[in-house]
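If you count by numbering that gives the first Met the number 0, then the sequence shown holds residues 0 to 294, one letter each, in order.
Each remark here refers to the structure printed beneath this line.
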Amino acid sequence: MLYGGIEAGGTKFVCAVGDEHGKIIEKVQFPTTEPEETIKKVIVFFRQFTLEAIGVGSFGPCDINPNSKTYGYITSTPKTTWENYPILQILKDKFNVPIAFNTDVNAAALGESTLGAAKGLDSCLYITVGTGIGAGAVVNGQLLQGLSHPEMGHVLVRRHPNDSYQGTCPYHGDCLEGLAAGPAIEARWGEKGSELSSRQEVWELEAFYIAQALMHYVLILSPKRIILGGGVMKQKQVFSFIHENFKKMLNNYVDLPELSTKIEEYIVSPGLEVHAGITGSLLLARQAYQEGQRL
Ligand code: ADP
Ligand code: ZN
């Protein structure tokens with residue numbers, strides 16, 4: 000049985016065909032350009048296969064509430080040609096199979112909790128630190144969904160006394176994303192994060208902000224593991240600074256080994272490496288197929 004997965008990112012699209020275990024059989028990727036051009040490439044790739052269902056993990060904000068009029072739309076993105084774009088309907092018009100639609104980070108959280116670093120646990124958080132900061136949460140084995148999907152990248156954090164950078168978020172200025180996503184690092188230090196590996200102060204400051212947000216998430220959701228992915232987290236040295244800052248800030252208030260002596264096993268890299276999102280999209284497809292069978 001073959002399933003299709005789409006990791007619809009703001010920078011690139013990844014499309015994969017996989018089996019019922021979430022194993023990737025074939026995969027392509029291309030840059031995210033205008034919607035029509037991008038979707039055409041998706042269609043050309045999937046038309047080669049007979050699929051049972053498709054799962055989409057999309058950049059956002061997007062509407063993932065099936066009861067909403069704008070379900071399956073990408074909503075208020077700064078990428079103007081994608082604003083209010085009904086990506087789910089466009090795909091439904093082309094493929095006559097069940098299609099699941101969720102956020103890219105929810106897909107990644109599902110991938111990591113089913114097959115990756117949080118396998119066997121009934122809760123986890125997956126956080127991406129890339130062009131933006133976003134997170135998906137699995138709670139009691141289910142993706143956490145409320146009024147909308149969580150937007151954990153936009154929480155407020157205390158500023159470092161030596162950081163005068165104003166922040167990039169068009170909505171909040173110096174929220175976590177505004178201070179710590181890839182574009183903020185580049186704007187603050189004048190170079191892309193990938194060129195700043197040897198600058199310890201860059202990663203200490205980055206960890207100062209990320210650790211504060213992680214402490215909020217732990218205090219509010221108490222996930223059993225936290226997985227940090229995305230381009231910026233390729234800087235592996237930042238993990239030890241995050242571990243140190245996190246322990247110092249929490250100050251043993253929640254007195255558990257996971258949050259102190261075993262912190263290295265608690266805040267970790269993705270077990271599926273860069274495939275968390277696309278694997279999760281394949282698992283979303285499997286869920287859509289199974290739901291279709293039950294109806
Ligand atoms: P996106 O968030 O658009 O899906 P990524 O997760 O690759 O894509 O994030 C892109 C951001 O991550 C950019 O701001 C880029 O500068 C930054 N980035 C990519 N690779 C690295 C790296 N090796 N070290 C630090 N920052 C990086
Ligand atoms: Zn913000």
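Beta carbons are placed, not taken as given, at the ideal position from N, Cα and C, and that holds for glycine.
Asked	Found
Nearest-residue set for ligand 2, Cβ under 6 Å from any heavy atom	153, 168, 170, 171, 174, 176 and 177
Nonlocal neighbours in the same chain, by C-beta distance under 7 Å from residue 214, ignoring five residues either side	245, 248 and 249
Candidates 175, 50 and 104: closest to residue 143 by CA position	104
Contact between the stretch 265-285 and the stretch 231-244 (3+ Cβ pairs under 8 Å)	yes
Residue from 203, 269 and 218 whose Cα sits closest to the Cα of residue 161	203
Heavy atom of ligand 1 within 8 Å of residue 295 beta-carbon	An answer regarding residue 295 cannot be provided, because it is not within the stretch 0 to 294 covered by the chain.
Every unbroken alpha helix (DSSP H) inside the stretch 35-103 [4 residues or more]	86-93
Residue burial classification, residue 273 (beta-carbon count within 10 angstroms, cutoff 16)	exposed
Validate contact between the stretch 123-135 and the stretch 81-96 using beta carbons, cut 8 Å, 3 pairs	no
Backbone secondary structure at residue 30 - three-state DSSP	strand
Through-space distance from residue 68 to residue 300, alpha-carbon basis	In the structure as shown, the chain starts at 0 and stops at 294, and residue 300 therefore has no counterpart that could be examined.
In DSSP terms, what residue 227 is bridged to	126
Residue 101 burial status per 10 Å Cβ neighbour count (16 or more: buried)	buried
Residue 2, DSSP secondary structure in three states	strand
Inter-residue spacing [alpha-carbon to alpha-carbon] between residue 258 and residue 224	10 Å
N-terminal and C-terminal residue of the beta strand (DSSP E) that residue 181 is part of	Counting along the chain, residue 181 falls outside any beta strand (DSSP E), though it belongs to the alpha helix (DSSP H) covering 181-188.
Residues that residue 12 bridges to, as DSSP identifies them	7 and 29
Three-state secondary structure assigned by DSSP to residue 136	strand
Under the three-state DSSP convention, the category residue 270 falls into	coil
DSSP beta-bridge partners of residue 141	138
Contact under 9 Å by Cβ, residue 33 with residue 76	no
One or two residues paired with residue 23 in a DSSP bridge	17
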